[in-house]
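Data first, discussion second: the structure below is written as C-alpha cells.
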Amino acid sequence: MSVDATALCFGAHPDDIVIGCGATIASLTKKGSVSAVTFTAGIGGSPSVDDTSSIIDVRQKETERADKVLGIERRFLLDASLPQLRSDDVLLRQAIAYIRELRPALVFCHAPRDWHRKHSAVSRLVEQACWQAGNNVYPEDGEPWRVQEVLWYEVLNLFPRPTIVVDVTEAFERKLEALRCFDSQLEVLPGLVEYAESLGRSRGFLANSDFAEAFRTSRSYTRIASDPSELVRGDIQ
Numbered sequence: 150m151s152v153d154a155t156a157l158c159f160g161a162h163p164d165d166i167v168i169g170c171g172a173t174i175a176s177l178t179k180k181g182s183v184s185a186v187t188f189t190a191g192i193g194g195s196p197s198v199d200d201t202s203s204i205i206d207v208r209q210k211e212t213e214r215a216d217k218v219l220g221i222e223r224r225f226l227l228d229a230s231l232p233q234l235r236s237d238d239v240l241l242r243q244a245i246a247y248i249r250e251l252r253p254a255l256v257f258c259h260a261p262r263d264w265h266r267k268h269s270a271v272s273r274l275v276e277q278a279c280w281q282a283g284n285n286v287y288p289e290d291g292e293p294w295r296v297q298e299v300l301w302y303e304v305l306n307l308f309p310r311p312t313i314v315v316d317v318t319e320a321f322e323r324k325l326e327a328l329r330c331f332d333s334q335l336e337v338l339p340g341l342v343e344y345a346e347s348l349g350r351s352r353g354f355l356a357n358s359d360f361a362e363a364f365r366t367s368r369s370y371t372r373i374a375s376d377p378s379e380l381v382r383g384d385i386q
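Heads up: the sequence shown begins at 150 in the working numbering, then just goes up one per residue.
See below:
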C-alpha cells in the first residue's frame, strides 16, 4: 500500500503547527506532501477589542503566507469550539476522514498534557482518530488507513525527556520566517520568534546540532514493525 502524504499535522490554532514542528515540516516537504488541519479559527487571538470582528480573516491570510513558506500543500479549517473538541463525534469523524483521504505516514499533534485546554483536547481527539482510522469502522469515511507514527510536538509546555530530537538546522530559518507571517500574534505573544529560536538552540544541544525540534511518541498508539529492520530506521529525519 503506497503512502500518499508524508505527514498530516493537527493543531488547535493556526500558528501552533509552525511553533511545534515548523522546521521538521519544511524538511519533510522535500520527501512528499504535507497537509495541516486547524481545529479553531483563533478568534481568541485578537490583539485588541477593535480587531475582534476581523481577526479570523487576518489569521487566515497569515496562515496562507506561512504555509507557502513551509511548503504545506493543503490546510483544512474545522472552526470548532471547546465543547465540540471535548465531545463532538462530528469532529472525530472529520479527522478520521482526513487521515484516510490523505494517507499520511506520520501524524503530528499537540501533547495530551499541554496546559492549554484546546491543545490537550485536540491531542486526545486526534489520537482517537488515528486509532479509529486504522480500524474497519465508519466505512462512509473512507478505507481504513494506519499511520506509521503519531508524534507529539512542543508549543509552550516542554518535554522533560523527548523521545525524538530532530536536527532541523537547514530548515530552521524557514520556521522563523513562517512565524513572522503571524503579525497579529506577535502582538499577543511578544517575543514569540525569539522564544522559538532559543528553544531550537536548546534542543539543538541535545541533537549535537545548531537547531532541533523535540517530539514524544504517542503512548496510546501502537507502532507496528513488519520487519525487524524497521526498529532502527531513521526515515523521519
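Even for Gly, the Cβ is constructed at its ideal location relative to N, Cα and C.
How would you label residue i, buried or exposed, when you count the other beta carbons within 10 angstroms and need 16 or more for buried?
i	result
Arg252	buried
Thr371	exposed
Gly160	buried
Gly110	As displayed, the chain neither begins before 150 nor continues past 386, which places residue 110 out of reach and without an answer.
Asp290	buried
Pro288	exposed
Asp228	exposed
Leu355	exposed
Lys324	buried
Ile373	exposed
Thr312	exposed
Arg145	This structure does not reach residue 145, given that the chain is present from 150 up to 386, and the question cannot be answered.
Ser347	exposed
Ala184	Correcting the residue type first, residue 184 is Ser in the shown sequence and not Ala. Ser184 comes out buried.
Ser367	buried
In this structure, does DSSP put residue i in helix, strand or coil?
i	result
Glu104	The structure shown does not extend to residue 104, since the chain spans only 150 to 386, so no value can be given for it.
Leu157	strand
Ile221	coil
Val256	strand
Val315	strand
Ser369	coil
Thr187	strand
Leu226	strand
Glu292	coil
Phe321	helix
Ser351	helix
Write down the C-beta distance between residue i and residue j rounded to the nearest angstrom, noting that I regard them as a contact closer than 8 Å.
i	j	result
Ala254	Val299	Wrong, their Cβ atoms sit about 11 Å apart, outside the cutoff.
Ala361	Gly353	4 Å
Val271	Ala172	Contact flag wrong, Cβ pair sits at about 21 Å.
Ile174	Leu219	5 Å
Thr187	Arg223	That belief does not hold up - the Cβ atoms of Thr187 and Arg223 are roughly 11 Å apart, past 8 Å.
Trp301	Ala260	4 Å
How many angstroms separate the CA atom of residue i from the CA atom of residue j?
i	j	result
Arg242	Asp165	22 Å
Trp280	Leu177	23 Å
Glu292	Ile248	10 Å
Phe331	Arg208	7 Å
Val198	Ile204	Note that Val198 has pLDDT 44, beneath the 50 cutoff, so the model's placement of it is unreliable and the number below is only indicative. Rounded to whole angstroms, Val198 to Ile204 spans 10 Å at the Cα level.
Val315	Cys158	16 Å
Asp238	Asn357	43 Å
Val342	Asn285	43 Å
Gly340	Ser333	13 Å
Ser351	Lys217	27 Å
Ile221	Arg329	16 Å
Arg310	Ala363	9 Å
Ser269	Arg235	10 Å
Glu322	Arg214	15 Å
Cys170	Glu336	22 Å
Thr189	Ile245	17 Å
Glu276	Gln233	16 Å
Asp359	Ala320	11 Å
Gly194	Thr212	Its pLDDT being 49, under 50, Gly194 is placed unreliably in this model, and the value from its coordinates should be taken loosely. Answer to the nearest angstrom: the Cα atoms are 13 Å apart.
Tyr163	Cys258	It is worth fixing the name first, because residue 163 is Pro in this sequence and not Tyr. Straight-line Cα distance between these residues: approximately 13 Å.
Thr155	Glu250	13 Å
Asp153	Lys210	27 Å
Ala282	Ser182	19 Å
Ala327	Leu338	15 Å
Practice task
Report yes or no: do three or more beta-carbon pairs, one from the segment 300-309 and one from the segment 258-278, lie closer than 8 Å?
Solution key: yes
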